[in-house]
Amino acid sequence: MRTSADRSSELMSIFEERFSSRLRRDFTDDVTAAYDRCPLGPHDDKTARVVRALGNASANGKEIILNLGPNGPWGIGRISLGAPGNLLLLPGTFHSYEDALRRVFSLRRKNFLES
Numbered sequence: 131m132r133t134s135a136d137r138s139s140e141l142m143s144i145f146e147e148r149f150s151s152r153l154r155r156d157f158t159d160d161v162t163a164a165y166d167r168c169p170l171g172p173h174d175d176k177t178a179r180v181v182r183a184l185g186n187a188s189a190n191g192k193e194i195i196l197n198l199g200p201n202g203p204w205g206i207g208r209i210s211l212g213a214p215g216n217l218l219l220l221p222g223t224f225h226s227y228e229d230a231l232r233r234v235f236s237l238r239r240k241n242f243l244e245s
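In my numbering, the protein residues as written are 131 to 245.
This is the structure we're talking about:
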């Protein structure tokens, strides 16, 4: 016998599938180019939708920007539950916050499209 929890789970699965499908369609080279031009925004609707979705992803495995000094440089870390400090530092530093944002976006894009 089906329960309301079964139905809720089924609906969540359908929602996630449709959301992921739409996000994959929206994640075009044009969106990447728009983000690369202006990572701080403002963004057009499609780019903003992709940026929001990537930002709202699960924290585990997410890349984040780390401030390595008072005004830069910046580094990138990956949240990794179970690692020391729950953070893995990735190689490389960036002298521009915008360049660090671009790199995080490209890493998140790669991870999303490979999943």
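Ideal Cβ positions, reconstructed from N, Cα and C, are used throughout, including at glycine. Quantities reported herein were computed from a predicted structural model and do not represent experimental measurements.
Quick check on residue i: does DSSP put it in helix, strand or coil?
| i | result |
| --- | --- |
| glycine 199 | coil |
| leucine 219 | strand |
| arginine 208 | strand |
| phenylalanine 145 | helix |
| phenylalanine 157 | coil |
Output yes if chain D places a C-beta closer than 7 Å to the C-beta of residue i; else output no.
| i | result |
| --- | --- |
| phenylalanine 149 | The structure shown contains no chain D; it is built from a single protein chain. |
Roughly how many whole angstroms lie between the Cα atoms of residue i and residue j?
| i | j | result |
| --- | --- | --- |
| isoleucine 195 | asparagine 201 | 13 Å |
| alanine 135 | cysteine 168 | 43 Å |
| arginine 132 | glutamate 146 | 21 Å |
| asparagine 216 | arginine 137 | 35 Å |
| proline 221 | serine 151 | 32 Å |
| phenylalanine 242 | alanine 187 | 10 Å |
| alanine 213 | glycine 191 | 11 Å |
| serine 245 | arginine 238 | 11 Å |
| valine 181 | isoleucine 144 | 22 Å |
| aspartate 166 | glycine 185 | 16 Å |
| isoleucine 206 | lysine 240 | 15 Å |
Taking the CB atoms as reference points, tell me whether residue i and residue j lie closer together than 7 Å.
| i | j | result |
| --- | --- | --- |
| arginine 232 | leucine 218 | no |
| leucine 141 | alanine 183 | no |
| glutamate 193 | valine 161 | no |
| aspartate 159 | arginine 179 | no |
Can you tell which of the options has the C-alpha that lies nearest to the C-alpha of residue i?
| i | options | result |
| --- | --- | --- |
| proline 203 | Asp229, Phe242, Pro214 and Ser151 | Asp229 |
| leucine 198 | Phe224, Glu244 and Arg155 | Phe224 |
| serine 226 | Leu170, Ser143, Ile144 and Ser139 | Leu170 |
Whose C-beta lies closer than 7 Å to the C-beta of residue i among residues of the same chain, with five residues either side of it excluded?
| i | result |
| --- | --- |
| alanine 164 | His173, Asp174 and Thr177 |
| alanine 246 | Residue 246 falls outside the range modelled here, since the chain spans only 131 to 245, and no answer is possible. |
Can you give me the Cβ contacts of residue i inside the same chain, cut-off strictly under 6 Å, excluding the 5 residues immediately before and after it?
| i | result |
| --- | --- |
| phenylalanine 149 | none |
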